[in-house]
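Numbering (this note's numbering), first residue to last: 442 to 624. Virtual Cβ for every residue (Gly too), placed ideally from N, Cα, C. Report on the following structure.
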Ligand code: HQG
């Protein structure tokens, strides 16, 4: 049977972002796992270095990185466990987008965007990507974030290696519901 790359990729996200201990794997402080150890400790898939390399290269959102020597792998972002991704604050564009579900709007209006289980709130330069992200949770709605204004007001923004923008939180005053007009 053909190997389902998407399923293995989801497994790698689960292990490398959230629960490495379920297979007795330890990540270093920067989130790196030894590929040999990952292969040896994985029982539900027949992982090989070649399969891992294929997933790293072909993953739709380029979620994983290999170390320079090719012996370690980590997720580029999206962790719930505490690791240091060595991110450097950078100035964001004028606007960024966040896709969410309509049913979350009341709560977002009350407390702004919160990082929930992740390390950061995730934002995108692409409205289409944001809409897709929002649709995972129900009827999607895209929020426009006044990112440059937040930056000027002292909020730190980070950009991951796969173009996801990260920020600790977004107060509601910087959010416009929809992609035009104002609230
Ligand atoms: C919502 C995927 C109520 C927030 C995507 C989101 C992304 C609130 C959900 C990445 C809230 C959290 C991240 C508040 C935020 N009240 N709901 N105050 N503040 N929310 O999955 O941004 O496939 O943790 O709007 O592509 O949806 O994993 O975050 O709906 O880049 O690589 O709470 O995950 O990437 O959900 O998605 P998530 P997200 P991967």
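Sequence-distant residues of its chain with Cβ nearer than 7 Å to residue 575 (five each side left out): 540, 541, 542, 581, 582 and 583
Reduced DSSP secondary structure (H/G/I, E/B, other) of residue 505: strand
Residue environment, residue 595, which counts as buried when at least 16 other CB atoms sit within 10 Å: Exposed is the call here.
At least three beta-carbon pairs within less than 8 Å, the segment 512-524 to the segment 543-560: yes
Counted within 10 angstroms of its Cβ, other Cβ atoms place residue 615 as buried (16 or more) or exposed: Buried, because 16 or more other Cβ atoms sit within 10 Å of the Cβ of residue 615.
N-terminal and C-terminal residue of the beta strand (DSSP E) that residue 537 is part of: 537-542
6 Å CB neighbourhood of residue 604 in its chain, flanking five on each side removed: none
Enclosing alpha helix (DSSP H) for residue 620 [first to last residue]: It is not in any alpha helix (DSSP H) - residue 620 carries neither H nor E in the DSSP assignment.
Separation of residue 568 from residue 622, as counted between CA atoms: Annotation note: pLDDT 46 at residue 622 (below 50); position unreliable, coordinate value reported separately. The alpha-carbon atoms of residue 622 and residue 568 are separated by roughly 15 Å.
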